Amino acid sequence: PVSELYEGFKGPIKLYRPRRGIFRVDDTLDPEPAGRVFVRITYDYERVHSLHKKPRSKCWPNQELFLLNEKACWGHEGVMLQSLFIRILEQATNNLPYALSLTNLRIVGAAPKGATQIASVWKASKDRFLTFVKYTGREKQFLQACRVSSLEKQTHIRGLVKRLIKKWEIEEETIKLRRGNMPISNAYDEEAVADPSKFRIAFRGYQAKISVRSAVNLTGGGLFDILDPYAVVRFRGSKQTPFKTSVLQDAGSDPVWNCEADLLYYGETALEISVWDYDKYRSDELIGTGVVPVEQFCEGFEGMVPLSLPNGKKKKTMKQMMIIIGIQWPALEDAPPALP
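Numbering-wise (this note's numbering), the sequence shown opens with residue 1 and increments by one.
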């Protein structure tokens with residue numbers, strides 16, 4: 001039997017063939033010996049990959065994601081951003097050992113337990129809402145606000161997912177202990193992931209996926225010279241070619257790039273971002289700079305980075321310049337380092 005063919009087996013195996021009758025092969029008779037063959041068994045072991053294993057899954061069918069206060073609005077991000085809104089929320093698990101899938105989102109109008117007030121929910125159709133936004137004349141600004149609020153909701157979802165993962169793994173360990181088995185290993189070790197010194201060593205030579213999404217409240221330009229912004233991203237001190245987005249002609253103070261690129265990481269301590277105003281006839285003008293330290297991007301990053309004015313420039317407005325970026329890291333076992 002195959003179960004007895006252990007690694008390194010070496011020896012003879014008896015061969016048999018159907019016994020021949022007078023005129024033809026008779027299958028009803030016992031087989032007759034046909035000699036022996038000497039074999040040696042060596043197994044070619046394949047490295048275990050996450051795609052070869054059945055993923056663990058857990059479903060929370062009625063999990064509360066957000067608590068809406070009085071006069072709060074829900075659904076405008078989904079109307080303006082469409083399917084991108086759900087993708088932004090699901091990206092909350094980037095660089096976590098689990099992937100998130102959100103389905104059947106719904107809103108429930110209910111008063112708190114023990115309260116006497118009545119909860120009311122007003123609903124507006126998608127067409128009427130889009131018509132209203134169009135006639136306000138601030139469709140672009142509202143779309144940008146929806147992107148910002150979606151990233152804030154993503155941060156909230158990430159914290160909720162971490163708590164649910166921790167609770168789930170504790171429940172599984174409890175079940176193992178009750179059955180008399182050893183407790184399972186904790187697949188989510190937040191402290192190990194968040195240690196910047198270990199991260200700088202472990203991810204040296206790996207590629208980070210950088211996503212430059214948009215910016216808000218950029219200052220510069222003039223009445224007849226609207227900003228033509230582009231962004232440049234590099235790891236501090238890196239000698240490799242930086243990542244440069246496309247130039248957006250006459251984009252103004254709230255550009256939307258949605259550009260992605262990979263940057264090699266060699267243990268740098270910060271990611272530097274600079275936003276420039278393109279000029280065809282003169283040197284480009286620096287609008288602002290921002291920094292994301294390793295303590296923030298070692299777990300992945302998705303959010304807004306404040307931009308500071310270059311030295312010598314005075315602030316023209318009270319609004320803070322911000323750029324929205326994303327940083328994703330591959331799994332250690334899935335991406336071999338690309339060291340030179």
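C-beta atoms are modelled at their ideal positions from N, C-alpha and C, and glycine is treated no differently. If you're wondering where the values come from, they're calculated on a predicted model, not measured in any experiment.
Query                                                                                                                      : Result
R40 classed as buried or exposed, judged by whether at least 16 other C-beta atoms fall within 10 angstroms                : exposed
Bounding residues of the alpha helix (DSSP H) (the contiguous stretch that carries Q296)                                   : 294-297
Which of helix, strand or coil DSSP assigns to L286                                                                        : strand
Beta-carbon contacts of P306 that lie in its chain and below 8 Å, excluding the five residues immediately before and after : G290, Q320, M321, M322
C-beta contact flag for G326 and K244 at 9 Å                                                                               : no
Classification of C146 by the beta-carbon crowding that lies within 10 angstroms, buried from 16 upward                    : buried
C-beta atoms of S274 and L286 nearer than 9 Å                                                                              : yes
Buried versus exposed, by CB contacts within 10 Å (16 or more), N12                                                        : Checking the displayed sequence, the identity of residue 12 turns out to be Pro instead of Asn. With fewer than 16 Cβ atoms within 10 Å of its Cβ, P12 is classed as exposed.
Top-ranked residue by Cα proximity to F66, from L130, P293, K314, V108                                                     : V108
Extent of the continuous beta strand (DSSP E) to which R36 belongs                                                         : 32-40
Proximal residues to Q240 (C-beta, below 8 Å), its chain only, five neighbours per side dropped                            : R234, L263, L264
Beta strand (DSSP E) segment containing K14, residue limits                                                                : 10-17
Separation of R36 from R19, as counted between CA atoms                                                                    : 17 Å
Inter-residue CB distance, Y278 and V256 (contact presumed, cutoff 8 Å)                                                    : 16 Å between Cβ atoms; not a contact.
Paired residues, beta bridge with A208 - DSSP                                                                              : L263
Assumed close pair N95, Q296 - CB separation to whole angstroms, cut-off 8 Å                                               : That pair is no contact at about 12 Å.
Cβ-Cβ distance between T219 and S197 below 9 Å                                                                             : no
Beta-bridge partners of E272, as assigned by DSSP                                                                          : R234, V291
Straight-line gap, V133 to S149 (C-alpha atoms, nearest Å)                                                                 : 17 Å
Contact belief for A261 with P229 at Cβ below 8 Å, rounded distance in angstroms                                           : That belief does not hold up - the Cβ atoms of A261 and P229 are roughly 17 Å apart, past 8 Å.
Identity of the residues DSSP links to F301 by a beta bridge                                                               : I327
Cβ-Cβ separation, I86 to L102 (assumed contact under 8 Å), whole Å                                                         : 6 Å
For V216: DSSP bridge partner residues                                                                                     : M322
Simplified DSSP assignment, three categories, for S101                                                                     : coil
As assigned by DSSP and simplified to three states, the class of N186                                                      : Residue confidence is low: N186 scores 43 on pLDDT, short of 50, so the model does not pin down where it sits. Its coordinate-derived value is still stated next. Coil, per DSSP.
Short Cβ contact (9 Å threshold) for I157 with L227                                                                        : no
Among Q144, W74, R106, L84, nearest to A124 - alpha-carbon criterion                                                       : W74
Residue of T42, L15, Y43, D44 minimising C-alpha distance to E32                                                           : L15
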